[in-house]
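> In this note's numbering, the protein residues as written are 437 to 721.
The structure under discussion is supplied below as structure tokens; questions concerning it will follow.
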Ligand code: SAM
């Protein structure tokens, strides 16, 4: 089968009996104009080794292949989709591999060839943030661009700036490693079946190595504590993280040069990085 003979996605879904399963977070994109637009957010992929998580019936997969990519590996947990994905693979000989696996378990560097590696996904809602954290924490950081669709509220939390309502742990972790920007807002009605909420595509580009903050574990602990009680001052909200160290929250905040009387949402990303370093030192005095 050649690429231009692939049947419309609605026919693929009917032919393979691919009703969406809620437990796997399945909401499909069937509009290939939209999926091509999402793929284009990855930039030029003519030399890229791309990986797509959760291809499902293959709407975004086709968008990526039509946009142009050197090689694409798709990782799908639900074996029901393998037949439909095989048809796409046959239409793009030598350009696509299919891996049946849970993306949380996959070792991407063993699966992808060397080169410019790019991640694309219309992420399953239930594992979206877990996968994002896995990719942010990867050492060495093996990817050079990620184009990821989340629920709108999660996307807002990834790109949020200090002072904004959505600013918190996720923005600080993501932006300590990457430049993060909103790529495209996608209304719920664009999906089949439509989810309850809108979605959005976020584009992440890792910062140069020297500018990345590495200790995401410590940063996750201090921001988890600080934003866990976001209405309280840091003096109080940081107590939980401080209890794991030899210092009080006031001592840790003083070391990081942060006023203990302010709330977490007003504190910038670099100040939180200082705080994570102070926390780390105090756990290993
Ligand atoms: N990419 C397709 C699209 O845009 O139409 C489907 C997107 S749907 C929101 C999420 C897909 O991720 C489903 O195909 C689902 O089976 C798959 N999935 C869910 N959990 C997964 C996991 N842990 N690892 C790999 N794929 C997963």
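Glycine is no exception: its CB is placed at the ideal position from the N, C-alpha and C atoms.
Please confirm whether any heavy atom of ligand 1 lies closer than 7 Å to the CB of residue 539.
yes
> Label residue 680 either buried or exposed according to how many other C-beta atoms from any shown protein chain fall within 10 Å of its C-beta, with 16 as the threshold for buried.
exposed
> Report all residues from its chain with a CB closer than 6 Å to the CB of residue 592; omit the five preceding and five following residues, and keep chain order.
602
> How about residue 595 and residue 582: are their beta carbons less than 8 Å apart?
no
> Could you check what DSSP says for residue 649 in three-state terms: helix, strand or coil?
coil
> Exposed or buried, what is residue 540 when buried is set at 16 or more other beta-carbons lying within 10 Å of its beta-carbon?
exposed
> When the Cβ atoms of the stretch 487-495 are set against those of the stretch 510-526, are three or more pairs found closer than 8 Å?
yes
> Assign residue 720 to one of two classes, buried (16 or more other C-beta atoms within 10 Å of its C-beta) or exposed (fewer than that).
exposed
> Can you tell me which of 585, 689, 643, 706 puts its alpha carbon nearest to the alpha carbon of residue 714?
Selected option, being the one with the closest Cα: 689.
> Can you tell me whether residue 619 sits near ligand 1, meaning its C-beta is under 7 Å from at least one heavy atom of the ligand?
no
> According to DSSP, which residues form a beta bridge with residue 485?
507, 553
> Less than 6 Å between C-beta atoms, sequence neighbours within five positions excluded: which residues of the same chain meet that for residue 629?
456
> Below 7 Å, is the gap between the Cβ of residue 463 and the nearest heavy atom of ligand 1?
Indeed, a heavy atom of ligand 1 lies less than 7 Å from the Cβ.
> Classify residue 633 as buried or exposed, calling it buried when 16 or more other Cβ atoms lie within 10 Å of its own Cβ.
exposed
> Which value, in whole angstroms, describes the spacing of the CA atoms of residue 500 and residue 572?
23 Å
> Within 7 Å: the Cβ of residue 638 and any heavy atom of ligand 1?
Short note on residue 638: C-beta not closer than 7 Å to any heavy atom of ligand 1.
> Could you check what DSSP says for residue 456 in three-state terms: helix, strand or coil?
coil
> Taking C-beta to C-beta, are residue 527 and residue 505 nearer than 8 Å?
no
> Just verifying my parser: in three-state terms, what is the DSSP assignment at residue 694?
coil
> Note down the Cα distance separating residue 597 from residue 618, rounded to an integer number of angstroms.
Spanning the two alpha carbons is a distance of roughly 12 Å.
> Considering residue 517, what are the terminal residues of the alpha helix (DSSP H) in which it resides?
Premise fails: residue 517 is in no alpha helix (DSSP H) and is neither H nor E.
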